[in-house]
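Q:
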Amino acid sequence: MMNPISIINKYYTEGTNQYHILVEHSRDVAVMALHVVDSHPELQADRLFVEEAAMLHDIGIFLTDAESIACFGKEPYILHGYLGANILRKEGYPHHALVCERHTGSGLTPEDIAARQIALPAGIYIPHSIEEKIVCYADKFFSKTKLHRVKKLEAVRRSMLSYGADSLRRFDEMHAIFKIPVE
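Residues 121 to 303, numbered by the working numbering, are exactly what the sequence shown covers, in order.
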């Protein structure tokens, strides 16, 4: 059986600020994602997979240059999902890897990638499975710089709109399905 913390411990040093930020943020996302799963049995989401994937969705942040969250790698932060997916594939978890690479924003279309000149190889970076969508959705309500604070729905929607109308539309489609009340 997979233990997400054991995988995290291979790449992060327990007791560091970087570790604390990753694990606490991931726990917040996992709690909300599990709330979605439990609130919507009709979706038939794999609860254990959602919990594991939520804990691992940001595993690639240490490879990025994001000083505000104690990450001093060389890669742009926008690549953290792709980088994390590579880690999880190497660890033998290809389905969890898909959650990593598809959770950025409300997903990244080829048009988004081209317009923002993001250095990603051709691929699918939009959440497809219900589990991918649940983790992506839950993640939007939490920041790694303000741990344990749930963002208001309108703040999330404004953030999504800053990446374009399509980004907001994808988020709104997820919100219409999951209907988690966030004031």
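Ideal Cβ placement from N, Cα and C applies to all residues, glycine included.
On the DSSP letters alone, give me the boundaries of the alpha helix (DSSP H) that residue 204 sits inside.
A: Taking the sequence shown and counting its residues from 1, the one referred to as residue 204 is at position 84. That run of the alpha helix (DSSP H) goes 200-211.
Q: Residue 227 by DSSP, collapsed to three states: which one?
A: Within the sequence shown, residue 227 is the residue found at index 107, counting from 1. Residue 227: strand per DSSP, three-state reduction.
Q: How close, in whole Å, do the beta carbons of residue 198 and residue 229 come, if the pair is a contact with beta carbons under 8 Å?
A: Locating residue 198 in the sequence shown gives position 78, counting from the first residue. Locating residue 229 in the sequence shown gives position 109, counting from the first residue. In fact, because the Cβ distance is near 14 Å, the residues do not count as touching under 8 Å.
Q: Just the Cα atoms here: how many angstroms apart are residue 284 and residue 140?
A: By 1-based counting over the sequence shown, the position of residue 284 is 164. By 1-based counting over the sequence shown, the position of residue 140 is 20. Approximately 32 Å between the Cα atoms of the pair.
Q: Using only alpha-carbon positions, find the residue among 202, 234, 251 and 218 that is nearest to residue 150.
A: Here the question's residue 150 lines up with position 30 in the sequence shown. Considering only alpha carbons, the answer is 251.
Q: Have a look at residue 200 and residue 162 and give me their C-alpha separation to the nearest angstrom.
A: Sequence index remark: in the sequence shown, residue 200 carries index 80 (1-based). Sequence index remark: in the sequence shown, residue 162 carries index 42 (1-based). The straight-line gap from Cα to Cα measures roughly 32 Å.
Q: What residue does the alpha helix (DSSP H) around residue 172 start on, and which one ends it?
A: Residue 172 sits at position 52 when you count from the first residue of the sequence shown. Where residue 172 is concerned, the enclosing alpha helix (DSSP H) stretches over 167-176.
Q: Given that a residue counts as buried once 16 or more other Cβ atoms are within 10 Å of its Cβ, and exposed if not, what is residue 192?
A: Translated into positions along the sequence shown, residue 192 becomes position 72. Exposed, since its Cβ has fewer than 16 Cβ neighbours within 10 Å.
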